[in-house]
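A quick write-up on the structure given underneath.
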Amino acid sequence: MVWGPYPNYDDIARFQYGRRLWKHPNFRARFLKHWLDERHPYRERFMEQRALIEEVLDSTEPPAVLDARLRLRGASLRCVAREIPPVFGSFF
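This note's numbering puts the first residue of the sequence shown at 516, with every later residue one more than the last.
Here it is, written out as structure tokens:
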């Protein structure tokens, strides 16, 4: 159970849709521009976890395999998905 007994569907959606859109260079550029914009409230958190978030979004592994690999490094897919910043506001 990757998402645990009490899944957060917002986190799961950010992971699923983020990963699907990340494959397209235009969306990837828009995400990065949006998340690195100084107006974004989660900018600092994204910058701290950027490499890990990009690795997860770029992965093509099934969620269970990705979660197992992350757990070997002291993380989990559930934790990383929570760190994917939301997309909102007029500046996206």
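The C-beta atom is built at its ideal place from N, Cα and C for all residues, glycine as well. The structure displayed is predicted, hence computed values, not measured ones.
Pair within 7 Å by beta-carbon distance, residue i and residue j
i, j, result
"residue 591", "residue 581", "no"
"residue 537", "residue 543", "yes"
"residue 600", "residue 532", "no"
Residue i burial status per 10 Å Cβ neighbour count (16 or more: buried)
i, result
"residue 529", "buried"
"residue 585", "buried"
"residue 572", "buried"
"residue 519", "exposed"
"residue 540", "exposed"
Cβ neighbours of residue i in the same chain (closer than 6 Å, five flanking residues each side left out)
i, result
"residue 566", "none"
"residue 517", "578, 579, 582 and 592"
Pick from the options that is closest to residue i, judged by C-alpha positions
i, options, result
"residue 523", "596, 605 and 600", "596"
"residue 604", "545, 519, 583 and 518", "545"
"residue 569", "535, 589 and 552", "535"
Whole-angstrom C-beta distance between residue j and residue i, which should lie under 8 Å
i, j, result
"residue 607", "residue 554", "Rounded, the Cβ-Cβ distance is 11 Å, inconsistent with contact."
Close-in-space but distant-in-sequence residues of the same chain around residue i (CB under 7 Å, 5 per side omitted)
i, result
"residue 598", "560, 564 and 568"
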